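Please read the structure below before turning to the comments.
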Amino acid sequence: GQNIDQPTEMTATEGAIVQINCTYQTSGFNGLFWYQQHAGEAPTFLSYNVLDGLEEKGRFSSFLSRSKGYSYLLLKELQMKDSASYLCAVRDRDYKLSFGAGTTVTVRA
Amino acid sequence: IAGITQAPTSQILAAGRRMTLRCTQDMRHNAMYWYRQDLGLGLRLIHYSNTAGTTGKGEVPDGYSVSRANTDDFPLTLASAVPSQTSVYFCASSPAGGSYNEQFFGPGTRLTVL
């Protein structure tokens with residue numbers, strides 16, 4: 110099984126940078142995903158890491174260290190529309206996802 | 179292209195009643211999943227299907243059943259609903275195999291069991 114931890118809430122100012130950490134313990138690691146979920150909506154895919162290192166996609170970047178069981182999602186140049194919940198999910202060798210409880214990010218003007 | 183659709187959008191159900199949540203995808207994805215999302219607990223996998231004709235149990239399968247008669251449809255049935263099954267239910271799908279394949283989520287069904 111998987112044990113996934115991420116902070117419950119974070120607050121940041123518009124234009125700033127926020128880093129959301131995720132730690133995991135897994136019996137069979139096969140990739141780590143980050144999803145964004147706005148209130149009342151479905152989760153949408155943000156990023157995927159399976160090898161160690163940084164993956165950059167525009168204002169969003171995700172980092173993975175498999176030896177440390179650690180990932181982070183970096184949100185740069187924060188905008189009001191980035192206020193949402195961010196979900197860390199670990200995939201096992203059967204291609205099933207286990208999700209953390211999510212981090213609610215509030216962007217203030 | 180609709181992607182994944184779920185029905186109903188929301189439902190209030192009396193305890194003890196039977197209920198089927200519907201999920202249909204038009205992306206020809208082999209794998210489909212059902213999750214429930216509860217405040218503070220995140221998304222938890224109920225059942226999954228890697229291909230038509232096969233199903234498997236997830237983290238919280240008790241009280242739920244699924245079937246996968248074809249590629250497109252993956253209904254979730256609550257045989258006798260209980261208040262603890264009050265939740266938001268999300269269906270998801272994914273292409274089978276491969277390393278990059280993310281899951282695509284439907285809009286969700288908000289279920290209240292009284």
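Order-wise, the sequence lines are chains A and B.
Under this note's numbering, the first sequence is numbered contiguously, ending at residue 218.
Under this note's numbering, the second sequence is numbered contiguously, ending at residue 292.
For each residue, glycine too, the CB sits at the ideal point set by N, CA and C.
Please read these numbers as outputs of a predicted model, since none were measured by experiment.
Interface with chain A (8 Å Cβ-Cβ cutoff): residue 268 of chain B is included. Membership of residue 118 of chain A in the beta strand (DSSP E) is indicated by the continuous run 118-122. Three or more Cβ pairs drawn from the segment 194-201 of chain B and the segment 252-271 of chain B lie within less than 8 Å of each other, which places the two stretches in contact.
Between residue 214 of chain A and residue 133 of chain A, the C-beta gap is not smaller than 8 Å, which leaves the two residues out of contact. Residue 117 of chain A and residue 216 of chain A have their C-alpha atoms some 15 Å from each other.
Look at residue 289 of chain B: its C-beta is not under 8 Å from any C-beta on chain A. Relative to residue 290 of chain B, the option among B/192, B/184 and B/217 whose CA is nearest is B/192. The beta carbon of residue 239 of chain B sits no closer than 8 Å to any beta carbon of chain A. Burial state of residue 254 of chain B is buried, judged by a 10 Å Cβ sphere holding 16 or more other Cβ atoms.
Closest in C-alpha terms to residue 251 of chain B, from the list B/227, B/234 and B/188, comes B/227. Between residue 112 of chain A and residue 140 of chain A, the CB-CB gap reaches or exceeds 8 Å.
Taking the beta carbon of residue 152 of chain A as reference, the chain B residues within 8 Å of it are 221, 268 and 283, listed in sequence order. Under DSSP, residue 210 of chain B takes part in a beta bridge, and its partners are B/227 and B/271.
When 8 Å is used as the limit between beta carbons, residue 242 of chain B is near no residue of chain A, the shortest such separation being about 16 Å.
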